[in-house]
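Let me begin by presenting the structure, written as structure tokens, before commenting on it.
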Amino acid sequence: MSRRSYANALAEALATAMERDPAVFVVGEGVPDPGAIFGTTRGLRERFGADRVQDMPISEGAMTGVAIGAALAGLRPVMVHQRMDFLLLALDQLLNNAAKWRYMFGGRFSVPLTVRAIVGRGWGQGPQHSQSLQALLAHVPGLEVVLPATPADARGMLLAAIEDPDPVVVVEHRWLYGLEEPIPTAPEALPLRGARIRRAGRDATLAAFSYMVVEALEVAERLSPLGIELEVVDLRCASSLDLPTLLGSVRRTRRLCVLDTAWTAFGVSAEVVAAVTEHALGALAAPPVRIGLPRGYPATSPHLSAGFYPTPETIAAAVLDLVGAADRSMRREALRRCRRRTPGDVPHASFSGPF
Amino acid sequence: MSRRSYANALAEALATAMERDPAVFVVGEGVPDPGAIFGTTRGLRERFGADRVQDMPISEGAMTGVAIGAALAGLRPVMVHQRMDFLLLALDQLLNNAAKWRYMFGGRFSVPLTVRAIVGRGWGQGPQHSQSLQALLAHVPGLEVVLPATPADARGMLLAAIEDPDPVVVVEHRWLYGLEEPIPTAPEALPLRGARIRRAGRDATLAAFSYMVVEALEVAERLSPLGIELEVVDLRCASSLDLPTLLGSVRRTRRLCVLDTAWTAFGVSAEVVAAVTEHALGALAAPPVRIGLPRGYPATSPHLSAGFYPTPETIAAAVLDLVGAADRSMRREALRRCRRRTPGDVPHASFSGPF
Amino acid sequence: MTADDRALYRSMLLIRRLEEALARRYPEQEMRCPMHLCIGQEACAVGVCSALRPGDRVFGAHRAHGHYLALGGHPGRLVAELYGRASGCSGGRGGSMHLTDPAAGFVASTPIVGGTVPLAVGVALAESMRGGHGVAVCFFGDGCFEEGVVHESMNFAALRRLPVLFACENNGWAVNTPLRERQPERRLADVARAHGLAAREADGNDVFGVREAARELVDRARAGGGPAFLELRTTRLTEHCGPGSDEPLGLRPTSEFEAMRRNCPLARARAELLGRRAADPEFFEAVEEEVAAAVEEAFAFAEASPVPPPEPPGTGLRAA
Amino acid sequence: MTADDRALYRSMLLIRRLEEALARRYPEQEMRCPMHLCIGQEACAVGVCSALRPGDRVFGAHRAHGHYLALGGHPGRLVAELYGRASGCSGGRGGSMHLTDPAAGFVASTPIVGGTVPLAVGVALAESMRGGHGVAVCFFGDGCFEEGVVHESMNFAALRRLPVLFACENNGWAVNTPLRERQPERRLADVARAHGLAAREADGNDVFGVREAARELVDRARAGGGPAFLELRTTRLTEHCGPGSDEPLGLRPTSEFEAMRRNCPLARARAELLGRRAADPEFFEAVEEEVAAAVEEAFAFAEASPVPPPEPPGTGLRAA
Ligand SMILES: Cc1ncc(C[n+]2csc(CCOP(=O)(O)OP(=O)(O)O)c2C)c(N)n1
Ligand SMILES: Cc1ncc(C[n+]2csc(CCOP(=O)(O)OP(=O)(O)O)c2C)c(N)n1
Ligand SMILES: [Mg+2]
Ligand SMILES: [Mg+2]
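In order, the protein sequence lines correspond to chains Z, R, F and S.
All residue numbers for the first sequence refer to our numbering, where the first residue is 1 and numbers rise by one.
All residue numbers for the second sequence refer to our numbering, where the first residue is 356 and numbers rise by one.
All residue numbers for the third sequence refer to our numbering, where the first residue is 711 and numbers rise by one.
All residue numbers for the fourth sequence refer to our numbering, where the first residue is 1031 and numbers rise by one.
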């Protein structure tokens, strides 16, 4: 095992994929620049050359089409967007072409395209630089949309995405990049589909995507000493939900809270709730709960947006309601334990902007 | 009262809005051409002049931005897309600008933009000309997304959309265009929000959007003589669900079936189910059911795509399960009554392509 | 050279007669999909494709029957595709607006205007990264030139000096909207040139002229000279979509239709071949017969293909 | 004319000193948002805006402090916006990348590259439909020229002969990517010209030259002569985003930074004013003092503005 940050794990996945398969290349605005996409493309140009580690014009639409064309010709492009918001300029290509191509031509083609889309948050990212648009992608048939939440998954799922014969979007939340854990030294692909139970518990199921897995685990850890045992299910893949794992958990705990990094309304969390309800209505002892973003935008001002994102404390409050924890002083203690001390607009206290 | 088709009702709304407010203008590919957007812009150019009834270059992205700019300058543009699929080229402008503008600048601006997006179906529209993308729009805060299902609503809601100070997308299903009904002679705006109970019933709630209201009503009419009384709720507006009306209905019938013209997975129907479950779990006597499109595309071949769209018969089958109708011969009779005799790829028997 | 010249005529004739048959039989309600005929524009497809080699790869858009056939795409599988049979070139999933015959070098066509243009650039990028010698071609219309993605594509192709030909069939119309209501007075080729492409204009109804222009640009691209743009001025003799004519709409004076008909690329090629004595009247009789048989065979293939059963929903989206 | 010339200098100085103060104080962690300084590019904003009249309307992008200030936008409300106060020009919702001061003629800036370009065209369309005499201006960078929406916008503006100026500040970089890695060798103005726009190139660090070029194009547009494109070659003296310099990155030789610093638009304007005797050393001393006071006042305004309470989620999305 070796310690890796989420960002390093991504860089390692890219290097490994490029090493193994000469058809793999990386393209995106700033891919070879000193910032190296928050470090995730560091060293690649030196190692694999300018041809396979490409910058690009600010032309998200056409360049997505160029990547699709290159994929049709047998290459394996990895396209990177520093903010997922820029993908809105590429949705025609991604949804009308990449997602449909295999189907439209009777299975004669394969589009092995990987898109890395980074979700911004905090430090004044504001309305146009903070969107988590997985619901738009998961709705349209033909794309796989995955959201790794750990360094191991970041490396393993990016590798699997690149190896996959069909288009995959890897949604990476910026606040995960600093996360570290020991992972197997040898990089291997991990399945794109399939949820993982990150923590077992009997009182409620917290089913989470991406960065919300971190928050769910934090809440679970902090409530455990108070006798509340939460099961945390990392859903990992949005487009193909792992219903067996999820339903198994919900049937045990009988309570469901879904956490997503995007707007709650019409988000992927709605699909999770709907699917669970359709399949296991009788198992639910309480109405399911969704936690995500309210119907609005984070103001750039940290003062204005202080209440915008869920926090361990607000999550705990919802979970306490869900499990029916009525004891007043226990509630107070639970919320106190979950309170954060760092400013709400940075991933960790030592962050000093900008990004 | 005067008889109007859905298409004529839309044309009347545009003419009325342009008459009442000189700031209103209509723009889109083919708006002034003899096809007149399936008749919905017929006669407007003769009446209001080329300046206010504009064709446009095939530049959906920039032209949406142009419309937003014109709206910022005090005009009221109505932009028309003959297929909703083309909107994917305009999502950056629609979602990053129109939807966010009022918020981003502290409420200093208003973007009174109306977008008409037409959903294609049948006659070989195929994967790129048949998409019903309301879920992508409803998810992003700031847009109102409405789906009129009747001629009265088509006229009244388009008028209201144009009068609204903020952006509204009117989703029009092509198969509704031939629908006729008597509506009040004097055109007036109708509320954009608020569901309508189109038919009362005690056995289950069919909550439907757009063209699926027609199919839900047909099923309800045909099952009524068999003693199954279905309540049909026309949801009308996706972005702002009318929960009081919907929950009231579900609390009475205790059974919910949601019908949408789009893919079921991650669609607006998921939000409807999730919202109902969160608010009225205890009222549900059976798991809610969603009816929409499967995770795939309609082949252009009518033979291949014969099973793709829901039909009154497949809807009836699901509803019979939902209400627990076990009697074999009654089921058979119910399905027989709902069977359609027209080809599945045309809105009515006299249609002879192309469109 | 003259055998070659006659082959161009034959290729145009096949496109013309096959499309005429499609138009004639469209009302039978067996071809249940939108259909954009290229009658009047055959010389563009045939002239450009005659400048290509095996290994070159071509993309089209909504009006692509001609490109498919000019490359040698299978006529029966084209008709079968419109008939919605599983033996169609796209398995019946695409219809007229989604064609493919990779073996013939026709990668694909799709109906979203501008959608395939950057794909051709991507194919050229792959070719250039691998040091191959193939050229990519995208056919598109004057209306498509208004899509931003085309300009983004030209910029990138020029930046990387990619072997790609942007072949713009300018028929002066997008649906029922004339060019002057969509673009200012200016030459398309000038825009492409300003983007850094080699650019030429040619009479798109003169198949020999088109071939000459395309050859120059394709050979240049193949030799590493970078991307090129070819504007082909041509005439759409049918309505935008469907089997009929738009003459009754009255959007253009009758004289314009008459002029278009006089400017028919087949008639012009025939006159030229006769004038140059590269073909004699017997040739034209023989080729008519041969093409009629090919058209008949194509329809017979389609009609003999079984009507497929409904596809299970959700099939074919991704590899297993 | 010389009072006017001195005003241009003062305007550039205000931008420079205010941004220097922003950079100096950025590490205090009170301005918690991305920030793109325009130090080195002041002459573009000031020269173009000096050619405008009340009623004209301007859009910017991510690097827009200069445009806002050059039009006479309120400096205190700019700083307050970066400080996240409700007294900020966008109520604190936007920060550095979302500015507005409609009264000053600055409609807005947003950070999606290319996002505001068609909006300016839309404002010009409205103006032309209503028979007004206002001109719309959009500022954008050389990188933005790569977005398709810019080309779509130019085509439409030329088609309708709209009164809009496309003001392209070409600093040769997009983030850390030089122009040569994004675009082929060719002149931006040639592309605009090919699209049917009047086009000029100017030294973007010569404020008087910028004004002259902008005047010609703006006056022409106002008189009904149609849209125009102005390329301004300029220099970004700071890092792309943030308060520092990118000199330590080593992406460009030190000599280039030295050349850029010698080419400082303020130094050049000062030398010219002195040379022409349009201003004396006392003027420069006085204006420094005056501007320093204005900058101080702007920060004082921001700091005196109360820290706003958290906004209730979902407020401000639509009219009630
Ligand atoms: C993105 C997009 N916008 C609009 C349409 C509708 N449409 C189909 S064909 C067409 C006209 C295309 O004109 P042109 O590119 O000149 O090709 P032509 O039909 O003349 O061959 C339009 C607007 C579309 N299919 N895709
Ligand atoms: C659509 C989009 N793509 C990418 C970005 C990221 N980005 C922000 S500024 C910038 C460079 C812009 O370069 P240029 O237009 O030359 O302006 P400059 O920064 O040089 O002033 C990029 C790529 C963005 N904000 N929006
Ligand atoms: Mg055309
Ligand atoms: Mg730049």
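Cβ atoms here follow ideal geometry from the backbone N, Cα and C, with glycine treated the same way.
Predicted model, so just to flag it, every value in this text is computed and none were measured.
Whose Cβ in chain S lies nearer than 7 Å to the Cβ of F/D900? Counting from one through the third sequence, the residue named residue 900 of chain F turns up at place 190. For the C-beta of F/D900, the chain S residues within less than 7 Å are, from N- to C-terminus, A1224.
Thinking C-alpha only, which one of S/R1062, S/P1343 and S/C1068 is nearest S/R1046? To locate residue 1046 of chain S, count along the fourth sequence from 1; it is residue 16. Nearest option by C-alpha distance: S/C1068.
Check this for me: beta carbons of F/E941 and F/R892, under 7 Å apart or not? Taking the first residue of the third sequence as 1, we reach residue 941 of chain F at position 231. Taking the first residue of the third sequence as 1, we reach residue 892 of chain F at position 182. Contact flag unset, no.
Around the C-beta of F/P821, are 16 or more other C-beta atoms found within 10 angstroms, so that it is buried, or is it exposed? Here residue 821 of chain F is taken as the residue at index 111 of the third sequence, counted from 1. Buried, because 16 or more other Cβ atoms sit within 10 Å of the Cβ of F/P821.
Identify every residue that forms a DSSP beta bridge with F/R880. For the purposes of this step, residue 880 of chain F is taken as residue 170 along the third sequence, with counting starting at 1. According to the sequence provided, residue 880 of chain F is Asn. The question's Arg does not apply to it. Partner(s): F/R943.
Nearest to S/L1129 by CA position, among S/V1180, S/H1066 and S/M1159, is which residue? One-based indexing of the fourth sequence puts residue 1129 of chain S at position 99. Answer by Cα proximity: S/H1066.
Looking only at its chain, what residues have a beta carbon closer than 7 Å to the beta carbon of R/V701, apart from the 5 residues adjacent to it on each side? Sequence index remark: in the second sequence, residue 701 of chain R carries index 346 (1-based). So the list reads G477 and W478, once near-sequence residues are dropped.
Beta carbon shell of ligand 4 at less than 6 Å from a heavy atom: Per the Cβ criterion, the list is S/G1171, S/D1172, S/G1173, S/N1201, S/W1203 and S/A1204.
If we require 3 or more residues per run, which beta strand (DSSP E) segments fall completely within the segment 520 to 592 of chain R? As far as the segment 520 to 592 of chain R is concerned, its whole beta strand (DSSP E) runs of at least 3 residues are 523 to 528, 535 to 538, 551 to 554, 559 to 563 and 585 to 589.
Would you say the segment 548 to 564 of chain R touches the segment 374 to 381 of chain R, given that touching needs at least three Cβ pairs under 8 Å? No: fewer than three Cβ pairs fall under 8 Å.
Using three-state DSSP, classify R/S414 as helix, strand or coil. The count along the second sequence starts at 1 and reaches residue 414 of chain R at position 59. Correct three-state label for R/S414: coil.
If you measure between the beta carbons of S/R1115 and S/G1122, is that distance less than 7 Å? Counting from one through the fourth sequence, the residue named residue 1115 of chain S turns up at place 85. Counting from one through the fourth sequence, the residue named residue 1122 of chain S turns up at place 92. Taking 7 Å as the cut-off, the beta carbon of S/R1115 is found closer than this to the beta carbon of S/G1122.
For a test of your reading of the model: does the CB of Z/I315 fall under 6 Å from any non-hydrogen atom of ligand 2? Yes or no. Position 315 of the first sequence holds residue 315 of chain Z. Of the heavy atoms belonging to ligand 2, none sits nearer than 6 Å to the Cβ of Z/I315.
May I ask which residues mark the beginning and end of the alpha helix (DSSP H) holding S/C1294? Here residue 1294 of chain S is taken as the residue at index 264 of the fourth sequence, counted from 1. Following the DSSP letters along the chain, one finds S/C1294 in no alpha helix (DSSP H), marked with neither H nor E.
Inspect the beta-carbon positions of S/G1070 and S/F1169 and report whether they are closer than 7 Å. What you label residue 1070 of chain S is simply residue 40 of the fourth sequence in a count that begins at 1. What you label residue 1169 of chain S is simply residue 139 of the fourth sequence in a count that begins at 1. In this structure, S/G1070 sits away from S/F1169, with a CB-CB distance that is not shorter than 7 Å.
Could you confirm whether any beta carbon from chain R is found closer than 7 Å to the beta carbon of F/R742? Numbered from 1 along the third sequence, position 32 holds the residue referred to as residue 742 of chain F. The beta carbon of F/R742 falls within 7 Å of a beta carbon belonging to chain R, placing the residue at that interface.
Under 6 Å Cβ to Cβ from R/L442, same chain only, skipping five residues before and after it: list those, please. Against the second sequence, residue 442 of chain R aligns to sequence position 87. Around R/L442: H436 and A472.
In this structure, does DSSP put R/S357 in helix, strand or coil? Residue numbering aside, residue 357 of chain R sits at position 2 when the second sequence is read from its first letter. Secondary structure of R/S357 (DSSP, three-state): strand.
Exposure of R/P599, with buried meaning 16 or more beta-carbon neighbours within 10 Å: As a working note, residue 599 of chain R is residue 244 in the second sequence. By the neighbour-count rule (16 or more Cβ atoms within 10 Å), R/P599 is not buried but exposed.
For S/P1343, which residues in chain Z fall below 7 Å Cβ to Cβ? Position 313 of the fourth sequence, counted from the first residue, corresponds to residue 1343 of chain S. Within chain Z, P294, G296, G307 and F308 have C-beta atoms less than 7 Å from the C-beta of S/P1343, given in sequence order.
Could you give the uninterrupted runs of the alpha helix (DSSP H) lying entirely in the segment 1211 to 1263 of chain S, keeping only those of 4 residues or more? With a minimum length of 4 residues, the continuous alpha helix (DSSP H) runs that stay inside the segment 1211 to 1263 of chain S are 1218 to 1224 and 1237 to 1250.
How about S/V1179 and F/G844: are their beta carbons less than 7 Å apart? Within the fourth sequence, the letter at position 149 stands for residue 1179 of chain S. Within the third sequence, the letter at position 134 stands for residue 844 of chain F. No, Cβ-Cβ distance for S/V1179 and F/G844 is not below 7 Å.
Can you tell me whether F/H772 sits near ligand 1, meaning its C-beta is under 6 Å from at least one heavy atom of the ligand? Along the third sequence, one-based indexing puts residue 772 of chain F at 62. In this structure, F/H772 has its beta carbon less than 6 Å from a heavy atom of ligand 1.
On the DSSP letters alone, give me the boundaries of the beta strand (DSSP E) that Z/V346 sits inside. Here residue 346 of chain Z corresponds to residue number 346 of the first sequence, with the count starting at 1. Counting along the chain, Z/V346 falls outside any beta strand (DSSP E), and DSSP gives it neither H nor E.
Who are the neighbours of Z/R102 on chain F, taking C-beta pairs under 8 Å? Locating residue 102 of chain Z in the first sequence gives position 102, counting from the first residue. By Cβ distance, chain F contributes G1026, L1027, R1028 and A1029.
Could you tell me whether any non-hydrogen atom of ligand 1 is closer than 6 Å to the CB of R/E384? For the purposes of this step, residue 384 of chain R is taken as residue 29 along the second sequence, with counting starting at 1. Here the distance from the Cβ of R/E384 to the nearest heavy atom of ligand 1 is below 6 Å.
Is there a C-beta anywhere in chain S that falls below 7 Å from the one on Z/I197? Here residue 197 of chain Z refers to the residue found at position 197 of the first sequence. Output row for Z/I197: interface = no.
To which residues does DSSP link R/Q409 through a beta bridge? One-based indexing of the second sequence puts residue 409 of chain R at position 54. DSSP output for R/Q409 lists R/V382 as bridge partner(s).
Would you kindly check if the distance between the Cβ of F/E729 and the Cβ of F/Y793 is under 7 Å? Here the question's residue 793 of chain F lines up with position 83 in the third sequence. Here the question's residue 729 of chain F lines up with position 19 in the third sequence. If you check the CB distance, F/Y793 and F/E729 do not come in under 7 Å.
Run the proximity test for Z/F86: is its beta-carbon closer than 6 Å to any non-hydrogen atom belonging to ligand 2? Translated into positions along the first sequence, residue 86 of chain Z becomes position 86. True, at least one ligand heavy atom lies under 6 Å from that Cβ.
When you compare each of R/G708, R/V678, R/I670 and R/A681 to R/R692 by their alpha carbons, which one comes out closest? Residue mapping note: residue 692 of chain R aligns to position 337 of the second sequence, counting from 1. Nearest option by C-alpha distance: R/I670.
Output yes or no for whether 7 Å exceeds the beta carbon distance between Z/M79 and Z/V115. Your numbering for residue 79 of chain Z matches position 79 in the first sequence. Your numbering for residue 115 of chain Z matches position 115 in the first sequence. Between Z/M79 and Z/V115, the gap from beta carbon to beta carbon is short of 7 Å.
Z/L226 versus S/E1199: straight-line alpha-carbon distance, rounded: In the first sequence, counting from the first residue as 1, residue 226 of chain Z sits at position 226. In the fourth sequence, counting from the first residue as 1, residue 1199 of chain S sits at position 169. Spanning the two alpha carbons is a distance of roughly 60 Å.
Are S/A1156 and S/P1295 closer than 7 Å when you measure CB to CB? Translated into the one-based positions of the fourth sequence, residue 1156 of chain S becomes position 126. Translated into the one-based positions of the fourth sequence, residue 1295 of chain S becomes position 265. One thing to note: S/A1156 has its Cβ no nearer than 7 Å to the Cβ of S/P1295.
Going by DSSP, what residue range makes up the alpha helix (DSSP H) through F/P991? Taking the third sequence and counting its residues from 1, the one referred to as residue 991 of chain F is at position 281. Looking at the DSSP string, the run of the alpha helix (DSSP H) that includes F/P991 is P991 to A1014.
Could you check the C-alpha separation between R/V623 and F/A834 for me, to the nearest Å? Mapped onto the second sequence, residue 623 of chain R falls at position 268. Mapped onto the third sequence, residue 834 of chain F falls at position 124. Whole-angstrom Cα-Cα distance: 40 Å.
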